[in-house]
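Peer 1: Would you mind keeping the following structure in view while I ask a few things?
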Amino acid sequence: MKGELQRTELAILLGRVVACCAILICFLLGSGRAQQVLDRIVAVIGDQIILESELNTQLDLYTGQMHVNPRTQQERDQLRKQLLEQMVNDRLLLSAAKKDTLIQVTSKEVDDALQKQMTSVKSQFTEDEFKAQLQAEGLTENELRKKYREQIESQMMIDRLVASKLQKVSVSSKEVKDFYQTYQDSIPDQPEAVKLSHILLEIKISPETTDSLKSRADGVRALAREGEDFAGLAIRFSDDPSARQGGDLGFFGRGDMIPKFEETAFSLDPGQISDVIQTEFGYHIIKVEDKMDGRVHARHILILIRPSPEDSLRTKHLADSLYGELERGADFSDLAKQFSDDQESKKMGGELGWYPVAQMTPEFEQGLEHLQVGEFSRPLESPSGIHILKLLDRKEERKLTLDEDWDAIKDMVRRKKTNELVQQWVEKLRQNIYVEIRL
Numbered sequence: 006m007k008g009e010l011q012r013t014e015l016a017i018l019l020g021r022v023v024a025c026c027a028i029l030i031c032f033l034l035g036s037g038r039a040q041q042v043l044d045r046i047v048a049v050i051g052d053q054i055i056l057e058s059e060l061n062t063q064l065d066l067y068t069g070q071m072h073v074n075p076r077t078q079q080e081r082d083q084l085r086k087q088l089l090e091q092m093v094n095d096r097l098l099l100s101a102a103k104k105d106t107l108i109q110v111t112s113k114e115v116d117d118a119l120q121k122q123m124t125s126v127k128s129q130f131t132e133d134e135f136k137a138q139l140q141a142e143g144l145t146e147n148e149l150r151k152k153y154r155e156q157i158e159s160q161m162m163i164d165r166l167v168a169s170k171l172q173k174v175s176v177s178s179k180e181v182k183d184f185y186q187t188y189q190d191s192i193p194d195q196p197e198a199v200k201l202s203h204i205l206l207e208i209k210i211s212p213e214t215t216d217s218l219k220s221r222a223d224g225v226r227a228l229a230r231e232g233e234d235f236a237g238l239a240i241r242f243s244d245d246p247s248a249r250q251g252g253d254l255g256f257f258g259r260g261d262m263i264p265k266f267e268e269t270a271f272s273l274d275p276g277q278i279s280d281v282i283q284t285e286f287g288y289h290i291i292k293v294e295d296k297m298d299g300r301v302h303a304r305h306i307l308i309l310i311r312p313s314p315e316d317s318l319r320t321k322h323l324a325d326s327l328y329g330e331l332e333r334g335a336d337f338s339d340l341a342k343q344f345s346d347d348q349e350s351k352k353m354g355g356e357l358g359w360y361p362v363a364q365m366t367p368e369f370e371q372g373l374e375h376l377q378v379g380e381f382s383r384p385l386e387s388p389s390g391i392h393i394l395k396l397l398d399r400k401e402e403r404k405l406t407l408d409e410d411w412d413a414i415k416d417m418v419r420r421k422k423t424n425e426l427v428q429q430w431v432e433k434l435r436q437n438i439y440v441e442i443r444l
């Protein structure tokens with residue numbers, strides 16, 4: 006039991022334990038419990054609070070991800086206290102990051118990160134399951150995005166602040182050896198991992214498909230301008246989850262929506278209907294219902310820009326053709342450099358590096374199931390497109406050793422030293438910001 010508690014202490018010490026993407030998934034899969042209990046404040050940091058439901062979410066995610074199972078109520082309470090301390094520290098770090106003029110996060114970076122994470126979350130569900138789960142939570146997809154955009158921005162700012170500290174920390178050989186001697190029974194095992202290359206073929210939208218979708222949006226706007234009920238048109242034509250509510254987005258302020266959508270909405274008067282505007286999500290038609298106290302109440306119709314069946318079929322034919330060439334002896338690296346749409350890996354012949362098997366997507370795991378080193382998979386689909394994988398190497402699960410894993414252990418020491426420095430800094434921050442723990 007001592008080893009398990011030491012492992013928990015080490016994991017928390019080496020960094021924050023929950024990524025935003027995991028929080029999004031947890032919200033969709035398990036937030037119902039939070040609605041069934043009376044929430045309470047467990048910590049106050051300046052003018053901010055941490056709710057017990059937030060702490061319980063962190064606890065559930067941590068125990069699931071780290072495979073930690075507190076056996077007694079005392080152990081569970083101790084883990085809750087450790088996690089709450091980390092959450093308080095994060096709030097203090099965020100306050101410091103906002104005051105540091107060198108820590109900058111742009112709206113585009115936040116939008117891009119949110120889009121990637123939402124794509125990852127949606128890949129865990131079928132489209133119908135995702136919509137059903139949102140409906141069960143009483144949310145639209147836009148409301149879910151709004152809910153977590155600020156959280157993602159905060160996470161990015163904290164990460165950059167900690168990274169700036171990490172760069173300044175040096176580690177000696179003696180420190181690596183001492184760390185290993187102290188924690189060797191608690192350091193997580195090297196997981197089973199595979200080294201991969203891939204050819205990624207994105208399912209690109211043809212100009213014909215784009216023209217067709219734009220024409221559809223223009224037609225719907227014409228109906229709205231001719232007097233047809235906007236809410237009814239949204240129910241009939243919109244691809245956004247808000248279609249069920251007649252496209253109603255409720256009131257929102259500046260910074261809640263993507264810039265172009267927001268700019269258009271705020272430029273309209275109540276009752277006005279916008280031209281068709283294009284964002285990264287598709288073609289929008291916006292109707293402003295009301296304006297109040299610097300906020301806008303709007304409805305919208307979204308025509309998603311997405312590939313047509315013909316676009317998908319064209320990409321599948323190309324993937325089948327490349328697979329045939331590989332079977333006839335073509336060089337995988339050469340084909341990746343020529344055809345792959347993964348701009349980073351194609352420079353290296355499609356090489357992706359090492360991936361823990363336990364963290365692979367179901368599509369990749371299934372594609373690699375029966376492959377031997379040096380073999381390649383049949384074309385397989387994922388949210389990113391169509392892949393052909395090549396298995397370059399495989400590592401079995403094992404204990405980390407100084408001889409084989411010096412760099413990995415050295416990085417752990419660097420993170421430990423960084424967190425200790427950050428902790429010292431946090432203690433100074435606590436002298437200037439009111440903190441009350443109520444757990």
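With positions in the sequence shown counted from 1, the corresponding number in my numbering is that position plus 5. All C-beta atoms in this analysis are idealised placements derived from N, C-alpha and C, irrespective of residue type, glycine included.
#1: How long is the line joining the alpha carbons of G379 and D223, rounded to whole angstroms?
#2: Let's see if you can read the secondary structure: which residues bound the alpha helix (DSSP H) around F257?
#3: Whole-angstrom Cβ separation of S159 and L84, contact assumed at under 8 Å?
#4: Could you check which residue in E57, T269, D116 has the C-alpha nearest to that of M161?
#5: Tell me whether the beta-carbon of L119 lies closer than 8 Å to the beta-carbon of R154.
#6: For a minimum of 4 consecutive residues, which ranges assigned as the alpha helix (DSSP H) are wholly contained in the stretch 268–334?
#7: Taking the DSSP output, what are the residues bridged to I442?
#8: Taking all protein chains shown into account, do 16 or more other C-beta atoms lie within 10 angstroms of the C-beta of D347, making it buried, or fewer, making it exposed?
#9: Could you give the C-beta distance for I310 and G334, rounded to a whole number, given that I count them as a contact under 8 Å?
#10: In this structure, does DSSP put L376 in helix, strand or coil?
#11: For Y439, is the classification buried or exposed, using 16 other Cβ atoms within 10 angstroms of its Cβ as the cut-off for buried?
#12: Would you call V42 buried or exposed, if buried means 16 or more other Cβ atoms sit within 10 Å of its Cβ?
#13: Could you give the uninterrupted runs of the beta strand (DSSP E) lying entirely in the stretch 158–219, keeping only those of 3 residues or more?
#14: Cα-Cα, which of M123, A141, S169 is closest to K151?
#15: Short of 6 Å in beta carbon distance, which residues of its chain neighbour I192, apart from the five on each side in sequence? Order them along the chain.
#16: Does the stretch 414–429 come within contact of the stretch 196–213, defined as at least 3 CB pairs closer than 8 Å?
#17: Since G358 is in the alpha helix (DSSP H), which residue starts that stretch and which ends it?
#18: Could you give the DSSP three-state label for S387: helix, strand or coil?
#19: Sort A270, I163, Q250 by Cα distance to F257 and report the nearest one.
#20: Take I208 as the anchor and find which of L340, R319, R383 has the nearest alpha-carbon.
#21: May I ask which residues mark the beginning and end of the beta strand (DSSP E) holding L56?
#22: Taking only three categories from DSSP, how would you classify L405?
#23: Can we say the stretch 129–137 touches the stretch 391–401, given the rule of at least three CB pairs closer than 8 Å?
#24: Which of the three DSSP states is assigned to F130 in this structure?
#25: Residues in the same chain with beta-carbon distance under 7 Å from G37, minus the five sequence neighbours each way, listed in chain order, please.
#26: List the whole-angstrom C-beta distance separating E146 from D245, where the pair is believed to meet the contact cut-off of C-beta under 8 Å.
#27: Keeping to the same chain, check which residues put their C-beta closer than 6 Å to that of R81; ignore five residues upstream and five downstream.
#28: Alpha carbons only, please: which of R304, Y67, V293, L397 is nearest the one belonging to I240?
#29: Please state the DSSP three-state secondary structure of V427.
#30: For a quick check, are the C-beta atoms of R418 and V167 less than 8 Å apart?
#31: Could you give the distance in angstroms between the alpha-carbon of I55 and the alpha-carbon of Q79?
#32: Where do the N-terminal and C-terminal ends of the alpha helix (DSSP H) with V93 fall, by residue?
#33: Got a sec, what are the start and stop residues for the alpha helix (DSSP H) S338 sits in?
#34: What is the DSSP secondary structure of L144, counted as helix, strand or coil?
#35: Going by C-alpha distance, which of E441, Q53, K86 is nearest Q63?
#36: In whole angstroms, give me the CA-to-CA distance for I204 and P312.
Peer 2: This is what the structure gives:
#1: 51 Å
#2: Looking at the DSSP string, F257 is not in any alpha helix (DSSP H); the run it does join, the beta strand (DSSP E), is 253–257.
#3: Contact doesn't hold; Cβ gap of about 23 Å is too wide.
#4: D116
#5: yes
#6: 314–332
#7: A48
#8: buried
#9: The pair is not a contact, with the Cβ atoms about 39 Å apart (cut-off 8 Å).
#10: coil
#11: exposed
#12: Reliability fails at V42, whose pLDDT of 42 lies under 50, so the model's placement of it is uncertain and the value that follows must be treated cautiously. Per the 10 Å Cβ criterion, exposed.
#13: 198–206
#14: M123
#15: L405
#16: no
#17: That residue, G358, is in no alpha helix (DSSP H); its beta strand (DSSP E) goes 356–361.
#18: strand
#19: A270
#20: R319
#21: 53–56
#22: coil
#23: no
#24: coil
#25: Residue confidence for G37 is low, a pLDDT of 42 falling below 50, so the modelled location carries little weight and cannot support an answer.
#26: 7 Å
#27: P75
#28: R304
#29: helix
#30: In the sequence as displayed, the identity of residue 418 is Val instead of Arg. No.
#31: 22 Å
#32: 78–104
#33: 337–344
#34: coil
#35: K86
#36: 20 Å
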